[in-house]
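Here's the structure, in structure tokens; my notes come after.
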Amino acid sequence: MKNYSGRSLKQFNMEKEHLKENYYVSGHTACAGCGQSMAVRIVMNTAGPNTIATNATGCLEVFSSKAPQSAFGVPWIHSLFENSAAIASGVEAALDQQGKKDKINVIAQAGDGGTADIGLQALSGMLERGHDVLFVCYDNEAYMNTGIQRSGLTPFSAHTTTSPSGKKSSGNPRPKKPVVEICAAHHIPYSATSSIANPKDIEIKVKKALQIKGPKYLQIHVPCPLGWRSESSLSIEIAKQAVNTGLYPIVEYEYGKLTKVRKIPSPKPVSEYLKLQGRFKHLLKNQEEIAAVQKVADKNIDYYGLK
Amino acid sequence: MRRFIEGSHAMAEATKLCRPEVIAAYPITPQTHIVEHLSQFIADGNLNAKSINVESEHSAASCVLGSQAAGSRSFTCTSSQGLILMSEVLFCIAGMRLPVMLICANRAVSAPINIWNDQQDSIAIRDAGLIQIYAENIQEAVDLIIAGHKIGENPKVMLPVMVCVDGFILTHGMEVVDIPSQDKVDNFLPPYNPPYKLDINNPMSFGLLGDPSVYTETRYAIQKTLEDVLQIIPKVGGEFNDIFGRSSVGLIEEYKTSDAETILVAMGSVCGTIKDIVDIQRNKGKKIGLLKIIAYRPFPQAEVKKALSQAKNVGIVDKNISLGSNGALYSEIKSILPEKIKVNGFVAGLGGRDIKPSTVEKIIESTEKEENPCKFVDLNEELLWKEFKTV
Ligand SMILES: Cc1ncc(C[n+]2csc(CCOP(=O)(O)OP(=O)(O)O)c2C)c(N)n1
Ligand SMILES: [Mg+2]
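Order-wise, the sequence lines are chains A and B. Positions 2 to 308 (my numbering) are the ones given, in order, by the first sequence. Positions 499 to 889 (my numbering) are the ones given, in order, by the second sequence.
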């Protein structure tokens with residue numbers, strides 16, 4: 002007997018067994034080395050079966066949920082690009098009204114575009130209203146689903162298809178939008194960054210966040226080999242360098258106050274990070290441009306006290 | 499209980515009687531009073547529901563999408579710009595087969611900004627897959643809200659329902675209205691018990707990517723369901739009548755059409771004005787009638803065709819205009835009538851301009867004498883661009 006996807010019933014049952022501990026299963030169509038997909042698995046498996054997840058439009062939704070299949074082992078809902086936080090607000094309100102909220106985690110998911118740009122208003126509304134929801138932003142630093150266009154979380158100098166490098170451009174002219182601070186400024190219980198560089202850190206932060214009642218924000222740095230023009234096998238390594246150079250500060254805010262940072266006593270030069278990625282290739286011949294990126298890292302190190 | 503009551507208040511009472519569990523709405527004239535009344539019911543402990551003070555209509559619609567998907571009966575209401583801002587989400591609510599209840603307090607759409615009544619807003623989203631039903635008066639609004647839940651939540655339907663009420667005319671007007679008892683409504687409308695929901699004990703994915711191999715069938719399913727809704731509305735209308743003693747819930751209403759040579763067709767509150775003129779002209783011996791459209795989506799083609807089959811002249815009043823084409827009702831009806839019937843389209847009552855008895859008389863006169871697909875009535879010649887002046 003075969004089910005619609007062509008897998009045998011035995012295989013299907015094995016997968017269902019597998020589902021018992023794995024709430025985001027293989028068989029989806031993410032690229033090799035996709036940081037987002039790795040992060041989702043950690044988030045879902047940490048949250049466990051008593052979870053309802055919402056999803057913005059973007060790579061994750063596309064590669065995980067092509068009808069009639071879904072990689073999600075928990076109830077999951079997607080509708081649009083900008084409304085993951087608002088859908089989660091509605092789900093949470095319904096569960097609360099049904100008296101089930103204390104038993105169920107609600108996790109809203111979005112890419113950096115669905116969070117920092119088109120979804121920022123809905124996110125702010127959800128935080129301000131105090132919904133008991135964990136919002137997770139998978140930050141691959143561009144609109145990857147539509148072909149690597151710049152977002153508010155694209156880093157300074159990165160080449161994207163709408164912030165291309167060229168004779169008169171050295172890529173994205175603006176630094177990353179401080180979304181973790183914007184969320185913290187709502188004085189929510191928890192606003193933090195993490196990185197696929199350290200899976201354990203993601204797990205710890207998801208656990209911590211889910212123990213807190215109220216709105217929580219977690220932004221996870223997730224390399225995208227296709228968009229960053231990098232080797233699939235190097236995704237974790239690249240994510241580590243982002244942290245070690247100070248370009249991706251790992252921080253935690255509680256009730257609006259910075260309470261914890263991941264220290265980098267001897268920061269690596271940013272070139273260690275840039276050289277691994279085609280999106281920064283245009284910078285490498287020019288010391289001045291590298292120095293400009295180094296300034297961003299130095300500013301982070303100083304601002305968050307990373308040393 | 500019969501009460502002399504403001505329309506918005508009555509619609510809020512009707513909504514409360516349906517026991518919504520989650521409400522999310524955003525202020526916009528002329529809808530605002532409805533959500534204000536509901537908020538007060540909750541504040542006073544008279545309604546056990548969660549109200550979400552959203553930051554936009556986009557989020558209002560998204561919240562009720564989420565809450566309905568989570569298994570709770572959900573309600574929203576809006577007008578004009580709010581409805582247009584919701585439109586992206588409304589297509590999803592229908593596509594995801596969630597029977598959210600929405601009241602649209604009909605209002606003109608910018609620009610120029612105009613807070614007054616016409617029906618451009620709801621007509622602009624007619625293709626979203628929502629059931630659209632139009633009320634003539636406050637009593638009908640109350641009845642359609644209660645019946646609308648039962649229609650949309652039918653497990654064979656599972657589609658959102660939009661009850662359209664003319665802004666100000668019905669939202670701010672006062673009427674003596676029968677607000678049914680809770681017992682009767684509970685008797686008529688069972689608790690929401692969806693065939694699917696977000697449930698940790700039975701995990702399902704909602705809102706998947708539908709590629710070319712499946713997308714068409716999702717549209718086909720909505721289309722076929724809406725065809726079935728043409729049978730379900732009269733059936734629910736019958737059940738409604740049995741319990742509440744009113745035959746207000748249906749697809750169309752025929753007013754003195756059986757022997758009429760000239761029949762006007764309209765939706766919403768203007769039907770009241772037209773009925774008065776029909777009575778006056780009937781007293782003068784004219785064979786005239788009104789066909790009121792209650793269900794605009796799904797559109798009751800067969801019923802409309804039948805109701806107009808004996809007419810010589812048909813005059814269709816549209817409080818909307820598909821710019822570059824004709825009024826929406828005109829296009830809808832013209833396409834199904836035989837050539838031998840003379841069909842006129844009139845655009846009237848835009849942006850709150852009154853449709854007066856004299857306007858209706860002009861429409862009747864023109865319907866009998868001329869044949870125009872899209873005639874604007876009561877234009878102010880003085881305001882027309884020079885090249886568009888007729889005199
Ligand atoms: C209203 C709207 N505008 C634009 C799009 C097209 N669109 C879909 S996904 C996407 C980019 C997603 O980027 P991001 O949120 O960063 O997620 P990623 O794909 O990178 O994981 C865009 C622009 C859309 N679906 N809806
Ligand atoms: Mg992205």
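We put the CB at the ideal spot given by N, CA and C, even for glycine. Fair warning: this is a prediction, and the values are worked out from it, not measured in the lab.
Annotated as distal: Ile814/B and Leu788/B, with beta-carbon spacing of 8 Å or more. Under the 8 Å criterion on CB atoms, Phe136/A is classed as non-interfacial with respect to chain B. Less than 8 Å divides the Cβ of His531/B from the Cβ of Thr669/B. Looking at the DSSP output, Gly126/A bridges to nothing.
CA-CA distance, Gly172/A to Ala48/A, rounds to 38 Å.
A distance filter of 5 Å between CB atoms and the heavy atoms of ligand 2 selects the following residues in sequence order: Gly112/A, Asp113/A, Asn141/A and Met145/A.
With respect to Leu600/B, Met656/B sits apart: the two C-beta atoms are not nearer than 8 Å. In its chain, beyond the 5 residues on either side, Pro855 have a beta carbon closer than 8 Å to the beta carbon of Asp774/B. In the DSSP annotation of this structure, the continuous segment of the alpha helix (DSSP H) that includes Cys60/A starts and ends at Cys60 to Ser65.
Rounded to the nearest angstrom, the gap between the Cα atoms of Asn551/B and Val812/B is 46 Å. Between the region 503-511 of chain B and the region 291-300 of chain A there are fewer than three inter-stretch CB-CB distances shorter than 8 Å, so the stretches are not counted as touching.
Within the region 548-567 of chain B, the residues whose Cβ lies closer than 7 Å to any Cβ of chain A are, in chain order, Lys548, Ile550, Asn551, Val552, Glu553, Ser554, His556, Ser557, Ser560, Cys561, Val562, Leu563, Gly564, Ser565 and Ala567.
The Cβ atoms of Val607/B and Ala622/B lie closer than 8 Å to each other. A contact between stretches requires three or more CB pairs, one per stretch, nearer than 8 Å, and the region 92-103 of chain A fails this requirement with the region 574-585 of chain B.
Close partners of Ser196/A in chain B (Cβ separation under 7 Å) are lacking, with about 27 Å as the shortest Cβ gap. A distance criterion of 7 Å places the beta-carbon of Gly115/A in contact range of ligand 1, judged by its closest non-hydrogen atom. Around Gly36/A, the same chain offers Ile197, Val223, Pro224 and Ser236 as residues with beta carbons nearer than 6 Å, after the five sequence neighbours per side are excluded. Annotation for Leu848/B: Asp616 place their beta carbon closer than 6 Å to its own, counting only its chain and skipping 5 residues before and after. Just measuring C-alpha positions, the residue of Pro518/B, Ile741/B, Val520/B and Gln808/B sitting nearest Ser679/B is Ile741/B. Leu563/B is positioned such that its CB atom lies closer than 8 Å to that of Val598/B. As summarised for the region 766-791 of chain B, the continuous beta strand (DSSP E) elements at least 3 residues long and confined to that stretch are 786-791, given in chain order. A direct Cα-Cα distance of roughly 56 Å separates Thr163/A from Met672/B. When CB distances to chain A are screened at a threshold of 7 Å, the residues of the region 577-611 of chain B falling below it are Glu586, Val587, Cys590 and Met594, in chain order.
Interface residue (Cβ-Cβ distance to chain A less than 8 Å): Ala522/B is classified as such. Fewer than three Cβ pairs drawn from the region 538-557 of chain B and the region 70-80 of chain A lie within less than 8 Å of each other, which leaves the two stretches out of contact.
Among the bridge pairs identified by DSSP, Asp619/B is matched with none. DSSP, reduced to helix, strand and coil, places Cys32/A outside both helices and strands of the structure shown, so it counts as coil. Taken through DSSP and simplified to helix, strand or coil, Ile119/A comes out as coil. Secondary structure note for Glu504/B: its beta strand (DSSP E) is the uninterrupted segment Arg500 to Glu504.
As computed with DSSP, Phe136/A is found in a beta bridge with Ala109/A and Tyr218/A. Straight-line spacing of the CA atoms in Gly569/B and Lys101/A works out to 12 Å. The three-state reading of DSSP puts Phe573/B in strand, counting E and B together. Judged by DSSP secondary structure, Gln630/B falls within the beta strand (DSSP E) whose first and last residues are Ile629 to Tyr632.
In this structure the region 112-123 of chain A touches the region 143-156 of chain A; the number of beta carbon pairs closer than 8 Å is three or more. At a cut-off of 8 Å between beta carbons, Asn23/A makes no contact with chain B. If only complete runs of 3 or more residues are kept, the region 666-714 of chain B shows the beta strand (DSSP E) at 672-676, in order along the chain.
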